[in-house]
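Enquirer:
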Amino acid sequence: MLRYLLTLLAFILLIASQAVSQATLEERLTSSAPSSAPSTFSTIYSSSTAESETSSKSKRAPVDNPHPHYVDLSERPVAPQHLQLLCQPSGKPLEPGYVFPKSNGEGTTIFVIDAGFNVDNEDYTARPGGPPQQYIVPNEITLKDVHDKELWEPKSIHDNFGKLKETSEGTYASGHGTLMASVAAGTIHGSASGAKLYLIKMMGDVKNPDFGKEGNKNPKIMTYNSLNGFEAAFAHIRDVVQAKPDVYRKRSVVVLTSSFEKSECDPDELQQKLKVLFDELANEGVIIVLSAGNSGNQEQEDFVDNWFPQTLETDKNPIVIVGGVSIEGYLNPITTPTRDGAKSGTITVYALSRKVWGASNNPWALSGPKSQKYGAATSPATAVVVSSGYQFKPHVDSQLQSRQGGMIATWLTVAADKPDVWDPSWSPLEHAMKMKELLKEHAYQRTDEVEIMDGMALRPHYPKPKELKVAYNGVFYGVCTNNPDKNLIIARSATDNTTGNSFSNDTTTIMSHGTWIESALKAIGELACTPA
1 MLRYLLTLLA
11 FILLIASQAV
21 SQATLEERLT
31 SSAPSSAPST
41 FSTIYSSSTA
51 ESETSSKSKR
61 APVDNPHPHY
71 VDLSERPVAP
81 QHLQLLCQPS
91 GKPLEPGYVF
101 PKSNGEGTTI
111 FVIDAGFNVD
121 NEDYTARPGG
131 PPQQYIVPNE
141 ITLKDVHDKE
151 LWEPKSIHDN
161 FGKLKETSEG
171 TYASGHGTLM
181 ASVAAGTIHG
191 SASGAKLYLI
201 KMMGDVKNPD
211 FGKEGNKNPK
221 IMTYNSLNGF
231 EAAFAHIRDV
241 VQAKPDVYRK
251 RSVVVLTSSF
261 EKSECDPDEL
271 QQKLKVLFDE
281 LANEGVIIVL
291 SAGNSGNQEQ
301 EDFVDNWFPQ
311 TLETDKNPIV
321 IVGGVSIEGY
331 LNPITTPTRD
341 GAKSGTITVY
351 ALSRKVWGAS
361 NNPWALSGPK
371 SQKYGAATSP
381 ATAVVVSSGY
391 QFKPHVDSQL
401 QSRQGGMIAT
411 WLTVAADKPD
421 VWDPSWSPLE
431 HAMKMKELLK
441 EHAYQRTDEV
451 EIMDGMALRP
461 HYPKPKELKV
471 AYNGVFYGVC
481 TNNPDKNLII
491 ARSATDNTTG
501 NSFSNDTTTI
511 MSHGTWIESA
521 LKAIGELACT
531 PA
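Residue numbers are given in full-length UniProt numbering: position 172 of the sequence shown equals residue 172, and the series is strictly consecutive.
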C-alpha cells in the first residue's frame with residue numbers, strides 16, 4: 001500500500017537540479033516544521049540545529065509521523081528539482097538529492113495512458129523494473145470516426161501529439177507521453193524507477209489532407225484523440241488487472257493527463273460506461289491519478305468538474321487530482337481551479353508544475369543535453385507522484401500528474417508488512433482509499449499563506465484556494481525513531497561537493513558524481529534501518 005502511494009508521489013516532483021549543498025541528512029532530520037503541518041504530528045527530533053536557511057514563509061516545526069515505517073532508505077546525491085521537492089522536509093531548504101525508500105516502487109505497476117512513447121530512450125531501456133510493457137489501442141477503435149481509411153497512419157508506439165515537425169533530420173514528436181512515463185518511473189528521472197511500467201497509446205495518428213495549403217497551419221501528421229480510444233484503454237487495464245490479480249490488485253496506479261469537456265460526452269452512454277470501468281478498477285484497489293488541467297488563466301471561467309473523467313472524483317473513490325505549484329510552493333494560476341463548494345472534481349494535492357525535466361522523444365537524442373520545452377502545465381506534476389529522476393533529458397515546464405503516481409507506487413512497496421498502514425482484511429477499495437488518505441495526510445503547505453506565482457495573477461473569476469498542500473513522500477517522518485543509532489547519515493566531501501559519502505552500521509560507501517551516474521540502478525546512500 002505504501003509502495004502504491006510512493007509511486008503516486010513520484011509523478012509530482014520533476015524539476016531542474018540545483019547545486020549540491022553541504023547539508024547532511026542528519027541535519028535534515030532535525031529541521032523545524034510549519035505550523036500548517038498535520039495537527040496529529042508531534043515533535044520527534046530536537047531542533048538544536050541552526051535555523052533553516054529558508055524564508056520565514058517556509059519555516060516549519062519538526063513533526064512526528066503517525067505511521068513510523070522503519071524503512072530502508074536510499075539517496076540519489078544529485079536529482080532534478082521535482083524529486084528534491086518531493087522529499088523536502090518541513091522548514092528546510094531544498095537539498096540537491098532525492099531521498100526515497102530503498103524499495104523504489106518494486107512490485108508495483110504504473111499504467112501510463114498517453115499519445116505515445118519513445119521506448120528506445122535510455123530512461124526506459126535499463127530500468128530496475130525491467131523494460132516497459134506496451135499496448136496500442138487499434139486504429140479500428142481510435143479512428144473509428146475517421147471514415148477515410150486512406151488517412152490512417154500505421155500504428156506505432158511513438159507519439160505525435162499533434163505537433164509533428166518536419167526537419168532535416170527526419171521527424172520528431174512532442175514527447176508528452178515519453179515525458180510522463182519518464183517522470184513516473186524512468187531510470188533517470190523517475191521517482192519510482194523500480195516499478196513496472198505499462199505504456200498504453202490511446203490515440204491514433206492521421207494524415208492532414210490539407211497540409212501545405214494556404215492558411216492551413218496544422219502539421220503533416222495529426223494526433224486524433226477519441227472517446228472510443230479512451231474507453232478501450234481503461235477496459236484493457238481492467239482486463240489486465242483481473243486476469244492477474246496477484247500481480248496487479250492493490251499494486252497498481254494509472255496516470256492520465258487527457259480529458260474531455262463533459263459536453264462532448266453522452267451522459268447516458270459514455271459517461272456511464274466509463275464510470276462503471278472506474279468503479280471496477282477502484283474495486284481492484286487501483287488508484288487513478290488525473291491532472292487538474294491548464295485552463296485557469298483563460299478569460300472564460302472554468303472548473304475541474306467541467307471535465308471528464310475529473311468530474312468522477314469524490315471523497316468516496318480513489319481518484320486523485322493534481323494541481324500545480326512553483327518550486328517555492330506558490331500557486332501556478334494556469335491550474336484549473338476547484339469550484340467553490342464542489343462535491344466532485346476537487347484537487348487532492350499539488351506538485352511542481354514548472355521546468356520539469358524528463359526523457360526526450362527525439363530518437364536521436366537518447367543521451368546528452370538535447371531537450372524539449374513544454375509550457376507550464378499540470379501533466380508532469382501528476383507523473384511526479386509516481387516516479388524518480390536522473391539527468392540529461394529534456395527540460396519541460398510543467399506536467400504534474402506523473403509525479404504523484406511514482407510516490408504512490410513507492411509507498412505501496414513499503415506498506416505490505418506495516419500493520420499501521422496495511423491491514424490484510426481490508427478490501428482492495430479500502431486499501432486504495434487508505435493510499436489517497438495517506439497522500440493528503442503527508443502533503444503540507446510550503447508557505448504560511450497561499451501565494452500566487454511571481455509575476456502572475458488570478459483571473460477575477462478564479463476562487464483562491466484556502467490551502468495549497470504540496471505532495472511529500474514522508475521519508476523523514478519517523479526514520480528509525482525506535483532505534484536512533486541506526487539513522488542514516490549522509491556526508492559530502494568539503495572539497496568535492498559532488499561526492500556523496502554514506503554510511504550505516506559501520507559500512508561506508510563513497511561514490512563520486514560520475515560513479516553515481518553510471519550506477520543509477522544501484523541504491524545510493526543505503527540505510528540499514530531495522531526496528532530495535
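Think of the CB as a built atom: it goes at the ideal place given N, C-alpha and C, for glycine as much as any other residue.
1) My output table needs one value for Ala184: the three-state DSSP class, helix, strand or coil.
2) Grab the span of the alpha helix (DSSP H) containing Ala232 for me, first residue to last.
3) So Ala252 packs on Thr109, CB below 8 Å; how close in whole Å?
4) Report the option in Lys207, Asn306, His236 whose CA atom is closest to the CA atom of Gly293.
5) Going residue by residue through the stretch 86 to 156, where are the continuous beta strand (DSSP E) segments of at least 3 residues, counting only ones entirely within it?
6) Would you mind reading off the limits of the alpha helix (DSSP H) that contains Lys436?
7) For the putative contact between Gly329 and Arg446, defined by C-beta atoms under 8 Å, what is the C-beta separation to the nearest angstrom?
8) Looking at the strands, I want to know which residues DSSP matches up with Phe278.
9) Quick check: the stretch 255 to 264 against the stretch 113 to 127, are at least 3 beta-carbon pairs closer than 8 Å?
10) Among Asn473, Gly175, Ala126, Pro463, which has the Cα closest to the Cα of Asp436?
11) How big is the Cα-Cα spacing for Glu299 and Arg354?
12) Is the beta carbon of Gly323 closer than 9 Å to that of Val356?
13) Mind listing, in chain order, the continuous beta strand (DSSP E) runs of no fewer than 3 residues lying wholly within the stretch 199 to 229?
14) What residues in its chain sit with their C-beta under 7 Å from that of Leu143, if we drop five residues either side in the sequence?
15) Below 8 Å on the Cβ atoms is my guess for Thr470 versus Ala443; work out the distance and round it to an integer in Å.
16) Are the beta-carbon atoms belonging to Val276 and Pro318 less than 9 Å from one another?
17) Starting from Leu458 and walking both ways along the beta strand (DSSP E), at which residues does that stretch end?
18) Counting C-beta neighbours from all protein chains within 10 Å, is the total for Gln272 16 or more, i.e. buried, or is it exposed?
19) Does chain B have any CB closer than 9 Å to the CB of Asp454?
20) Grab me the residues of Asp210's own chain with a C-beta within less than 6 Å of its C-beta, minus the 5 sequence neighbours each way, in chain order.
21) From Ser182, His176, Ile141, pick the residue whose C-alpha is nearest to that of Asp123; which is it?
22) Taking the alpha carbon of Ala185 as the reference point, which residue from Gln133, Pro77, Glu301, Met202 has its own alpha carbon closest?
23) What is the rounded straight-line gap between the Cα of Asn228 and the Cα of Met453?
24) Measure the alpha-carbon distance for Phe234 versus Val240 and round it to whole angstroms.
25) Go ahead and label Ser263 buried or exposed: buried means 16 or more other beta carbons lie within 10 angstroms of its beta carbon, across all protein chains shown.
26) Helix, strand or coil for Gln255, going by three-state DSSP, please let me know.
27) How many Å lie between Asp246 and Leu429 at the Cα?
28) For Ala409 versus Ala195, is the C-beta distance shorter than 9 Å?
29) Measuring alpha carbon to alpha carbon, tell me which of His461, Leu331, Arg249 ends up nearest residue 536.
30) Based on the DSSP output, what are the partners of Lys464 in its beta bridges?
31) Pick helix, strand or coil for Tyr248, following the three-state DSSP scheme.
32) Within 10 angstroms of its Cβ, does His395 collect 16 or more other Cβ (buried), or is it exposed?
33) What does DSSP give as the partner residue(s) for Ala351 in the beta ladder?
34) DSSP on Ala342, reduced to helix/strand/coil?
35) Can you find the residues in the same chain that come closer than 6 Å, C-beta to C-beta, to Thr338, ignoring five residues on each side of it along the sequence?
Expert: Let me spell this out:
1) For the purposes of this step, residue 184 is identified with residue 184 of the sequence shown, where counting begins at 1. When DSSP states are grouped into helix, strand and coil, Ala184 belongs to the helix group.
2) Sequence index remark: in the sequence shown, residue 232 carries index 232 (1-based). Its alpha helix (DSSP H) spans residues 227 to 243.
3) One-based indexing of the sequence shown puts residue 252 at position 252. One-based indexing of the sequence shown puts residue 109 at position 109. The question names Ala, but residue 252 in the sequence shown is Ser. That pair is a contact at about 5 Å.
4) As a first step, residue 293 is located in the sequence shown; it is residue number 293 there, counting from the start. Among Lys207, Asn306, His236, the Cα nearest to that of Gly293 belongs to Asn306.
5) 98 to 101, 109 to 114, 133 to 136
6) As a working note, residue 436 is residue 436 in the sequence shown. Looking at the DSSP string, the run of the alpha helix (DSSP H) that includes Lys436 is 428 to 442.
7) Taking the sequence shown and counting its residues from 1, the one referred to as residue 329 is at position 329. Taking the sequence shown and counting its residues from 1, the one referred to as residue 446 is at position 446. 3 Å between Cβ atoms; contact.
8) Within the sequence shown, the letter at position 278 stands for residue 278. By DSSP's assignment, Phe278 forms no beta bridge with any residue.
9) yes
10) In the sequence shown, the residue the question calls residue 436 occupies position 436. In the sequence as presented, Asp is not what sits at residue 436; that position holds Lys. Nearest C-alpha to Lys436: Asn473.
11) Within the sequence shown, the letter at position 299 stands for residue 299. Within the sequence shown, the letter at position 354 stands for residue 354. Looking at the two C-alpha atoms, the distance is approximately 22 Å.
12) In the sequence shown, counting from the first residue as 1, residue 356 sits at position 356. In the sequence shown, counting from the first residue as 1, residue 323 sits at position 323. No. Outside cutoff.
13) 204 to 207, 221 to 224
14) Your numbering for residue 143 matches position 143 in the sequence shown. Around Leu143: Trp152, Gly204, Val206, Tyr224.
15) Position 470 of the sequence shown, counting from 1, holds the residue named residue 470. Position 443 of the sequence shown, counting from 1, holds the residue named residue 443. Residue 470 is actually Val in this sequence, not Thr. Contact holds; Cβ gap of about 6 Å.
16) Reading the sequence shown from its first residue, position 276 is the one you call residue 276. Reading the sequence shown from its first residue, position 318 is the one you call residue 318. Result no, Cβ atoms of Val276 and Pro318 do not sit closer than 9 Å.
17) Translated into the one-based positions of the sequence shown, residue 458 becomes position 458. Neither: Leu458 is in no beta strand (DSSP E) and is coded neither H nor E.
18) Taking the first residue of the sequence shown as position 1, residue 272 is located at position 272. It counts as exposed.
19) In summary, chain B is missing from the structure at hand, where a single protein chain is found.
20) By one-based count along the sequence shown, residue 210 stands at place 210. For Asp210, the CB contacts under 6 Å within the same chain, skipping 5 residues up- and downstream, are Asn216 in chain order.
21) Within the sequence shown, numbered from 1, the residue matching residue 123 stands at position 123. Minimum Cα distance to Asp123 is reached at Ser182.
22) For the purposes of this step, residue 185 is identified with residue 185 of the sequence shown, where counting begins at 1. The shortest Cα separation from Ala185 among Gln133, Pro77, Glu301, Met202 belongs to Gln133.
23) Locating residue 228 in the sequence shown gives position 228, counting from the first residue. Locating residue 453 in the sequence shown gives position 453, counting from the first residue. In a straight line, the C-alpha of Asn228 is about 38 Å away from that of Met453.
24) The residue labelled residue 234 in the question sits at position 234 within the sequence shown. The residue labelled residue 240 in the question sits at position 240 within the sequence shown. When rounded, the distance between both Cα atoms is 10 Å.
25) Indexing the sequence shown from 1 puts residue 263 at position 263. By the neighbour-count rule (16 or more Cβ atoms within 10 Å), Ser263 is not buried but exposed.
26) Within the sequence shown, numbered from 1, the residue matching residue 255 stands at position 255. A small correction: the amino acid at residue 255 is Val; Gln does not occupy that position in the sequence shown. In this structure, Val255 counts as strand in the three-state DSSP scheme.
27) Within the sequence shown, numbered from 1, the residue matching residue 246 stands at position 246. Within the sequence shown, numbered from 1, the residue matching residue 429 stands at position 429. Going by the C-alpha atoms only, they are around 15 Å apart.
28) Stepping through the sequence shown from its first residue, residue 409 is reached at position 409. Stepping through the sequence shown from its first residue, residue 195 is reached at position 195. Their beta carbons are under 9 Å apart, which means Ala409 touches Ala195 by this criterion.
29) Since the first and last residues shown for the chain are 1 and 532, residue 536 lies out of range.
30) Taking the first residue of the sequence shown as 1, we reach residue 464 at position 464. Looking at the DSSP assignment, Lys464 forms no beta bridge with any residue, so it has no partner.
31) Here the question's residue 248 lines up with position 248 in the sequence shown. Helix.
32) Your numbering for residue 395 matches position 395 in the sequence shown. Residue placement at His395 is flagged as unreliable, the pLDDT there being 25, under the threshold of 50; the coordinate-derived value follows with that caveat. With 16 or more Cβ atoms within 10 Å of its Cβ, His395 is classed as buried.
33) Position 351 of the sequence shown holds residue 351. Answer is Gly324, bridged to Ala351.
34) By one-based count along the sequence shown, residue 342 stands at place 342. If DSSP states are grouped into helix, strand and coil, Ala342 belongs with coil.
35) Numbered from 1 along the sequence shown, position 338 holds the residue referred to as residue 338. Once the five neighbours on either side are set aside, the close Cβ partners of Thr338 are Val304, Thr346, Ile347.
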